[in-house]
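Novice:
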Amino acid sequence: MREEKCRNVPVGFVSFPSTPTQPIHLQRIHNKRAQLPVLVTTQRRSNRKPIVVSTVQSVPSIYQATDERISNTSEWKALEEHAKNVISKTHLRDLVNDDKRSEKLWAEFDGCILDYSRQRVIPETMKLLFALAKKAKLEEKKEAMFRGYKINVTEDRSVLHTALRAPKGTQLYIDGVDIVDEVWQVLEKIRTFSDRVRNGQHVGVTGRPIKNFIAIGIGGSYLGPEFLHEALRTEKVASAAAGDRVLRFLSNVDPVDVKRATDKLNPEETMAIVVSKTFTTRETSINAKTIKDWLIYHLGDSAETIKKHMVACSTNLDKVVKFGIAPENMFPFWDWVGGRYSVCSAVGALPISLQYSFDVFERFLKGAHSMDTHFRYAPLEGNLPVLLGLLGVWNMSFLNYNARAIHPYSEALLRFPAHIQQLDMESNGKHVNIFGEVVDYPVGEIDFGEPGTNGQHSFFQLLHMGQVVPCDFIGFIESQNPVCEEGEPVSNHDELMANFFAQPDALAFGKTADEVRQEGKPEWLIPHMVFTGNRPSSCLLMPVLDAYVTGQLLALYEHRTAVQGFIWEINSFDQFGVELGKVLANKVRKQLNESRYFNKKISGFNHSTTKLLNRYMEGSVGCAFEHVFHYEDE
Numbered sequence: 114m115r116e117e118k119c120r121n122v123p124v125g126f127v128s129f130p131s132t133p134t135q136p137i138h139l140q141r142i143h144n145k146r147a148q149l150p151v152l153v154t155t156q157r158r159s160n161r162k163p164i165v166v167s168t169v170q171s172v173p174s175i176y177q178a179t180d181e182r183i184s185n186t187s188e189w190k191a192l193e194e195h196a197k198n199v200i201s202k203t204h205l206r207d208l209v210n211d212d213k214r215s216e217k218l219w220a221e222f223d224g225c226i227l228d229y230s231r232q233r234v235i236p237e238t239m240k241l242l243f244a245l246a247k248k249a250k251l252e253e254k255k256e257a258m259f260r261g262y263k264i265n266v267t268e269d270r271s272v273l274h275t276a277l278r279a280p281k282g283t284q285l286y287i288d289g290v291d292i293v294d295e296v297w298q299v300l301e302k303i304r305t306f307s308d309r310v311r312n313g314q315h316v317g318v319t320g321r322p323i324k325n326f327i328a329i330g331i332g333g334s335y336l337g338p339e340f341l342h343e344a345l346r347t348e349k350v351a352s353a354a355a356g357d358r359v360l361r362f363l364s365n366v367d368p369v370d371v372k373r374a375t376d377k378l379n380p381e382e383t384m385a386i387v388v389s390k391t392f393t394t395r396e397t398s399i400n401a402k403t404i405k406d407w408l409i410y411h412l413g414d415s416a417e418t419i420k421k422h423m424v425a426c427s428t429n430l431d432k433v434v435k436f437g438i439a440p441e442n443m444f445p446f447w448d449w450v451g452g453r454y455s456v457c458s459a460v461g462a463l464p465i466s467l468q469y470s471f472d473v474f475e476r477f478l479k480g481a482h483s484m485d486t487h488f489r490y491a492p493l494e495g496n497l498p499v500l501l502g503l504l505g506v507w508n509m510s511f512l513n514y515n516a517r518a519i520h521p522y523s524e525a526l527l528r529f530p531a532h533i534q535q536l537d538m539e540s541n542g543k544h545v546n547i548f549g550e551v552v553d554y555p556v557g558e559i560d561f562g563e564p565g566t567n568g569q570h571s572f573f574q575l576l577h578m579g580q581v582v583p584c585d586f587i588g589f590i591e592s593q594n595p596v597c598e599e600g601e602p603v604s605n606h607d608e609l610m611a612n613f614f615a616q617p618d619a620l621a622f623g624k625t626a627d628e629v630r631q632e633g634k635p636e637w638l639i640p641h642m643v644f645t646g647n648r649p650s651s652c653l654l655m656p657v658l659d660a661y662v663t664g665q666l667l668a669l670y671e672h673r674t675a676v677q678g679f680i681w682e683i684n685s686f687d688q689f690g691v692e693l694g695k696v697l698a699n700k701v702r703k704q705l706n707e708s709r710y711f712n713k714k715i716s717g718f719n720h721s722t723t724k725l726l727n728r729y730m731e732g733s734v735g736c737a738f739e740h741v742f743h744y745e746d747e
């Protein structure tokens, strides 16, 4: 009951003076943070008008070049010495058995528990990490993000995914525009549209109700919404709201994905949601055209078919209208929303609201906003995203662990590791800092994972006996689908959670040669059965995976990624690394067209690629187009 009360309390926003060009000082932030509970209570009782946060888009001084880089600071050097001279001489089996230490390595917020006592840290390590955070101006940088400074300096953009889940009525001005009001205009449009579709007011061209949805997008336009969909599929409230509706995702340009997305769906009852900011992404454009043709083939070539059965999330109205989608069926988002951070925008709101109702999606937004507020105002020492981010920096840059495994002990989170893989690796997979200089320290983990206990029977052999990979274990106190089997000692969920509690200890403690010997194993076999242990992990324990908690979890990991980028002095909000391969693919596409349909010899590639292309052409056939595309006609 305490937890539900906490979740239903509206969160207030703190007003700052409209002089954002001045750096934000730590003491000032601490003062405002201390006032937050009073502001929340006062707002609830007096129904005050929303508090205004005014800001301009500019790069704050904390992002301007300085002589000293983070890796040259005394705080960084102190951590290097600490790792070498202190932590290298410890073992987790000893550290975890220190009750006083373990008690200190624990944090909670709004039902979320973080136990990081199995990380290779001691309280002194955390003090050094907090000192590094202050040296890196972490407080100022995250405040700059919330205020709308253009901290994405390479693309000259603000980073405001947090504004996507700000409560209705909050005001945040960017260049004179209240962007939270704009966000809620789109959300209310989605609420109205999804209600009309769900209650049968908006029907298909043949008059049948729409109950199947195909979301067409790739990257952040796909992974975030799909993770959220899977998280909600078996949640009690969301499942009841979905009824017999079907939501599928089409991302890969592979035609097999089209077959899977449309298989056994009735076109008369199907709506396609095209998600593309510019409406020019090749994979999404081709898949959208393919689904359009599928609908026309079954329902007739008319403007009404597309109007009734296709909608778009985009910023390019001209392209959307040219494609045939009615302008009233376009739901916009903004350039200050990166793709991998866009699930709280129309990108996620539209498909999830159509499938589960806007009420369910709004509950998800409230959970994310709860974690946003915690991240913004909580002291570093108890701030969950900050703690996870600092531990990630510690493991990567000081202990030289170059990967991280994510183990959600809930099958409903089966797509969460894939979403975080994109979120983190696309954000922090960089080789230069924000000033354009090559970084001289490791950044950007390799992320992977699977739901427990599936992962245990897949790659845990390596985690226990191969290279060291820090792990995040995510568990839930309650199951979405409780099951009890007579004759079993515990419930199915308890069986699952027994593994959640056991695996972190197994990684930390390991098994010594003496312990194996006591089991009566022969001497020659003992080396093969020793577990070295000393393998770090964190445990997140949350109440139950509902829409609210899913929002908390998403925001927690988004902010974890930002914290690491802020400390490393890299830009976590651009992604130029995805472009080069696309450019080269354009050249290959042109060559395939000219060689297949105009008999031009393959040329202009290195020997290896030329040989592969020739073998591909020899063994494959193209399409018998009625009108063959010719690049010279463009």
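In this note's numbering, the protein residues as written are 114 to 747.
Yeah, the Cβ is synthetic: ideal placement off N, Cα and C, and Gly gets one too.
Just so you know, these numbers come straight off a predicted model, no measurement behind them.
1. By how many angstroms is the C-alpha of V209 removed from the C-alpha of A626?
2. Compare the C-alpha of W189 against each of V551, S510, W637 and S523 and name the closest.
3. The beta strand (DSSP E) that contains F529, what's its start and end?
4. Once the 5 residues before and after I329 are set aside, which same chain residues still bring their CB inside 7 Å of it?
5. Please classify E731 as buried or exposed, where buried requires at least 16 neighbouring CB atoms within 10 angstroms.
6. Got a sec? Which residues, its chain only, sit under 8 Å from V643 by beta carbon, not counting five neighbours each side?
7. Excluding sequence positions up to five away, which residues of its chain have a Cβ less than 6 Å from the Cβ of P163?
8. By the three-class DSSP mapping on this structure, what secondary structure does P498 have?
9. What ranges does the alpha helix (DSSP H) occupy inside the region 196-261, keeping only unbroken runs of at least 4 residues that lie completely in it?
10. Just how far apart, CA to CA, sit N365 and I235?
11. Please state whether the Cβ-Cβ distance between A279 and V293 is less than 8 Å.
12. So, are the CB atoms of G480 and Y522 less than 8 Å apart?
13. Just how far apart, CA to CA, sit F462 and F586?
14. In the structure shown, what three-state DSSP assignment does F548 receive?
15. Starting from A425, follow its DSSP beta bridges and name the residues at the other end.
16. Round the Cβ separation of M484 and L241 to the nearest angstrom and send it over; I've been treating them as touching at under 8 Å.
17. Can you look up K700 in the DSSP assignment and give me helix, strand or coil?
18. For V151, I'd like the list of residues in its chain whose CB is within less than 7 Å of its CB, leaving aside the five on either flank, ordered along the chain.
19. Which residue's Cα is closest to the Cα of N590: E598, E608, V582 and G600?
20. Using 8 Å as the threshold, is the C-beta distance between S201 and R214 below it?
21. Tell me, to the nearest whole angstrom, how far the beta carbon of I519 is from that of I533; I am working on the premise that it is less than 8 Å.
22. Counting only the same chain and skipping the five closest in sequence on each side, list residues whose C-beta sits under 7 Å from that of P380.
23. Assuming L726 and F718 are in contact, meaning their beta carbons sit under 8 Å apart, how far apart are those beta carbons, in whole angstroms?
24. V662 to F222, Cα distance in whole Å?
25. What are the start and end residues of the beta strand (DSSP E) that includes I438?
26. Rounded to the nearest angstrom, what separates A246 and E252 at their Cα positions?
27. Should S733 go down as buried or exposed, given a rule of 16 or more other Cβ atoms within 10 Å for buried?
28. By alpha-carbon positions, which one of D553, I559, P530 and G549 ends up nearest to M538?
29. Going by C-alpha to C-alpha distance, which of F436, D746 and G562 sits closest to T393?
30. Give every residue of the same chain whose Cβ lies closer than 7 Å to the Cβ of F259, excluding the five residues on either side of it in the sequence, and list them in chain order.
31. Quick check on this structure: which residue in L667, K700 and K695 has the alpha carbon closest to the alpha carbon of L336?
32. For H315, name the three-state secondary structure that DSSP assigns.
33. Is it true that the region 468-477 meets the region 419-437, where meeting means three or more beta-carbon pairs spaced less than 8 Å apart?
34. For the pair the region 487-503 and the region 561-581, tell me if three or more CB-CB distances fall below 8 Å.
35. Would D697 be called buried (16 or more neighbouring beta carbons within 10 Å of its own) or exposed?
36. Taking only three categories from DSSP, how would you classify D746?
Specialist: In short, the structure shows the following:
1. Locating residue 626 in the sequence shown gives position 513, counting from the first residue. Locating residue 209 in the sequence shown gives position 96, counting from the first residue. Whole-angstrom Cα-Cα distance: 20 Å.
2. As a first step, residue 189 is located in the sequence shown; it is residue number 76 there, counting from the start. W189 has its Cα closest to that of S510, out of V551, S510, W637 and S523.
3. Locating residue 529 in the sequence shown gives position 416, where the first residue counts as 1. Premise fails: F529 lies in the alpha helix (DSSP H), F529 to N541, not in any beta strand (DSSP E).
4. As a first step, residue 329 must be located in the sequence shown, where it is residue number 216. Excluding positions up to five away in sequence, the list reads L363, A385, I386, V387, V388, T397, N400, A401 and I404.
5. As a position in the sequence shown, residue 731 is number 618, starting the count at 1. So E731 ends up on the exposed side.
6. Translated into positions along the sequence shown, residue 643 becomes position 530. So the qualifying residues of the chain are G623, K624, T625, A626 and V629.
7. Residue mapping note: residue 163 aligns to position 50 of the sequence shown, counting from 1. Confidence at P163 is low in this model, with a pLDDT of 41, below 50, so the placement of that residue should be treated as unreliable; the coordinate-derived value is given next. Closer than 6 Å at the Cβ level, and outside the excluded window around P163, lie G282, T283 and Q284.
8. One-based indexing of the sequence shown puts residue 498 at position 385. The answer is helix: DSSP assigns P498 an H, G or I state.
9. 205-209, 212-217, 236-248 and 251-260
10. As a position in the sequence shown, residue 365 is number 252, starting the count at 1. As a position in the sequence shown, residue 235 is number 122, starting the count at 1. About 45 Å.
11. Taking the sequence shown and counting its residues from 1, one reaches residue 279 at position 166. Taking the sequence shown and counting its residues from 1, one reaches residue 293 at position 180. Yes, Cβ-Cβ distance for A279 and V293 is below 8 Å.
12. Walking along the sequence shown from the start, residue 480 turns up at place 367. Walking along the sequence shown from the start, residue 522 turns up at place 409. No, the Cβ-Cβ distance between G480 and Y522 is not below 8 Å.
13. Within the sequence shown, the letter at position 349 stands for residue 462. Within the sequence shown, the letter at position 473 stands for residue 586. Inspection of the sequence shows that residue 462 is occupied by Ala rather than by Phe. Those two C-alpha atoms are separated by around 28 Å.
14. Counting from 1 along the sequence shown, the entry for residue 548 is found at position 435. Here F548 sits in coil by DSSP.
15. Start at 1 with the first residue of the sequence shown, and residue 425 comes out as number 312. Looking at the DSSP assignment, A425 forms a beta bridge with V387 and M443.
16. In the sequence shown, the residue the question calls residue 484 occupies position 371. In the sequence shown, the residue the question calls residue 241 occupies position 128. Contact doesn't hold; Cβ gap of about 26 Å is too wide.
17. Looking up residue 700 in the sequence shown gives position 587. Helix at K700.
18. In the sequence shown, the residue the question calls residue 151 occupies position 38. Bear in mind that the predicted position of V151 carries a pLDDT of just 26, short of 50, making it too unreliable to give a figure here.
19. Within the sequence shown, the letter at position 477 stands for residue 590. Before going on, a small fix: residue 590 reads as Ile here, not Asn. With distances taken between Cα atoms, I590 lies closest to E608.
20. Taking the sequence shown and counting its residues from 1, one reaches residue 201 at position 88. Taking the sequence shown and counting its residues from 1, one reaches residue 214 at position 101. Going by C-beta atoms, S201 is not nearer than 8 Å to R214.
21. Here residue 519 is taken as the residue at index 406 of the sequence shown, counted from 1. Here residue 533 is taken as the residue at index 420 of the sequence shown, counted from 1. Right, their Cβ atoms sit about 6 Å apart.
22. Along the sequence shown, read from residue 1 onward, the residue named residue 380 stands at position 267. Here the set comprises W407, L408, H411 and L412.
23. Numbered from its first residue, the sequence shown carries residue 726 at position 613. Numbered from its first residue, the sequence shown carries residue 718 at position 605. Yes, L726 and F718 are in contact; Cβ-Cβ is about 7 Å, under 8 Å.
24. Translated into the one-based positions of the sequence shown, residue 662 becomes position 549. Translated into the one-based positions of the sequence shown, residue 222 becomes position 109. Whole-angstrom Cα-Cα distance: 12 Å.
25. For the purposes of this step, residue 438 is taken as the residue at position 325 of the sequence shown. It is not in any beta strand (DSSP E) - I438 carries neither H nor E in the DSSP assignment.
26. For the purposes of this step, residue 246 is identified with residue 133 of the sequence shown, where counting begins at 1. For the purposes of this step, residue 252 is identified with residue 139 of the sequence shown, where counting begins at 1. Each residue's alpha carbon lies about 8 Å from the other.
27. For the purposes of this step, residue 733 is identified with residue 620 of the sequence shown, where counting begins at 1. Exposed, by the Cβ-count rule.
28. Counting from one through the sequence shown, the residue named residue 538 turns up at place 425. The residue with the shortest Cα to Cα distance from M538 is I559.
29. In the sequence shown, residue 393 corresponds to position 280, counting from 1. Looking at the Cα atoms, F436 is the closest of the given residues.
30. As a first step, residue 259 is located in the sequence shown; it is residue number 146 there, counting from the start. Around F259: T275 and R489.
31. Mapped onto the sequence shown, residue 336 falls at position 223. Ranking L667, K700 and K695 by Cα distance to L336 puts L667 first.
32. Position 202 of the sequence shown, counting from 1, holds the residue named residue 315. Coil, per DSSP.
33. no
34. no
35. Counted from its first residue, the sequence shown places residue 697 at position 584. At residue 697 the sequence reads Leu, which differs from the Asp that was named. Under this definition L697 is an exposed residue.
36. Locating residue 746 in the sequence shown gives position 633, counting from the first residue. Helix.
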